[in-house]
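Asks: Residue numbers (this note's numbering): 6 to 172. C-beta: ideal position from N, C-alpha, C; glycine also. Sharing a structure, written as structure tokens. Questions coming.
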């Protein structure tokens with residue numbers, strides 16, 4: 006399945022289907038900042054906010070990481086997973102320089118199937134091969150309780166709507 010979002014007003018094709026509320030989250034393996042493999046089950050029993058974006062080296066993506074770090078840092082039994090195709094070195098450098106310690110950065114670089122399985126695989130345009138901007142919130146049992154595929158990649162997600170399901 007292919008969806009269309011915008012990048013600065015231009016249409017961009019995104020392959021896969023974003024999970025929707027009521028779905029069970031698909032298992033995944035991603036790469037942590039220490040280059041270890043991390044799976045969805047690593048965070049078993051915790052609520053998870055999947056902040057998915059193209060690259061931490063863009064201003065909107067960086068803002069989303071900062072915002073989730075600030076707004077979810079003290080929410081009980083909840084982890085924010087910031088997922089992009091950036092190499093773990095770049096992700097760790099960014100979070101270290103910014104003092105962001107309430108988020109976990111994960112990379113798709115060894116596991117591109119994540120992009121297709123979570124409906125965020127950009128198929129064309131200048132960001133081809135990266136992930137579209139999306140937020141997927143999972144409960145402690147890995148059921149999707151919120152999802153948003155951001156329609157304009159260059160804008161921020163709806164933080165209030167994503168976080169409202171955690172109250």
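According to DSSP, which residues form a beta bridge with residue 10?
Replies: Residue 10 sits at position 5 when you count from the first residue of the chain shown. Per the DSSP secondary-structure output, residue 10 pairs in a beta bridge with 17.
Asks: CB-CB under 7 Å to residue 121, same chain, minus the five flanking residues each way: which ones, in chain order?
Replies: As a position in the chain shown, residue 121 is number 116, starting the count at 1. Beyond the five residues adjoining it in sequence on each side, residue 121 comes within less than 7 Å, by CB distance, of 20, 21 in the same chain, given in chain order.
Asks: Locate the alpha helix (DSSP H) running through residue 168, then write down its first and last residues.
Replies: The residue labelled residue 168 in the question sits at position 163 within the chain shown. 164 to 169 is the span of the alpha helix (DSSP H), which, as asked, contains residue 168.
Asks: Are the beta-carbon atoms belonging to residue 35 and residue 111 less than 9 Å from one another?
Replies: One-based indexing of the chain shown puts residue 35 at position 30. One-based indexing of the chain shown puts residue 111 at position 106. Cβ atoms of residue 35 and residue 111: closer than 9 Å.
Asks: Assuming residue 70 is part of the alpha helix (DSSP H), what are its boundary residues?
Replies: As a working note, residue 70 is residue 65 in the chain shown. Note, residue 70: alpha helix (DSSP H), 64 to 77.
Asks: Can you give me the C-alpha to C-alpha distance between residue 152 and residue 103, rounded to a whole angstrom?
Replies: On the chain shown, position 147 is the one that residue 152 refers to. On the chain shown, position 98 is the one that residue 103 refers to. Distance between residue 152 and residue 103, taken at the CA atoms: about 27 Å.
Asks: Contact between the segment 115 to 131 and the segment 70 to 80 is defined here as three or more beta-carbon pairs at a separation below 8 Å; is this criterion met?
Replies: no
Asks: Pick out the complete beta strand (DSSP E) segments inside the segment 115 to 151, 3 residues or longer, and give them in chain order.
Replies: 139 to 143
Asks: Using a 10 Å radius around the Cβ and a threshold of 16 neighbouring Cβ atoms, would you call residue 93 buried or exposed?
Replies: Walking along the chain shown from the start, residue 93 turns up at place 88. Looking at its Cβ environment, which holds 16 or more other Cβ atoms inside 10 Å, residue 93 is buried.
Asks: Check the DSSP bridge columns for residue 34 and list the partner residues they point to.
Replies: Here residue 34 is taken as the residue at index 29 of the chain shown, counted from 1. Here residue 34 is bridged, per DSSP, to 44.
Asks: Is residue 38 closer than 9 Å to residue 97 when the C-beta atoms are compared?
Replies: Translated into the one-based positions of the chain shown, residue 97 becomes position 92. Translated into the one-based positions of the chain shown, residue 38 becomes position 33. Yes, they are a contact pair.
Asks: Going straight from the alpha carbon of residue 27 to that of residue 131, what length do you get?
Replies: Looking up residue 27 in the chain shown gives position 22. Looking up residue 131 in the chain shown gives position 126. Roughly 33 Å between the two C-alpha positions.
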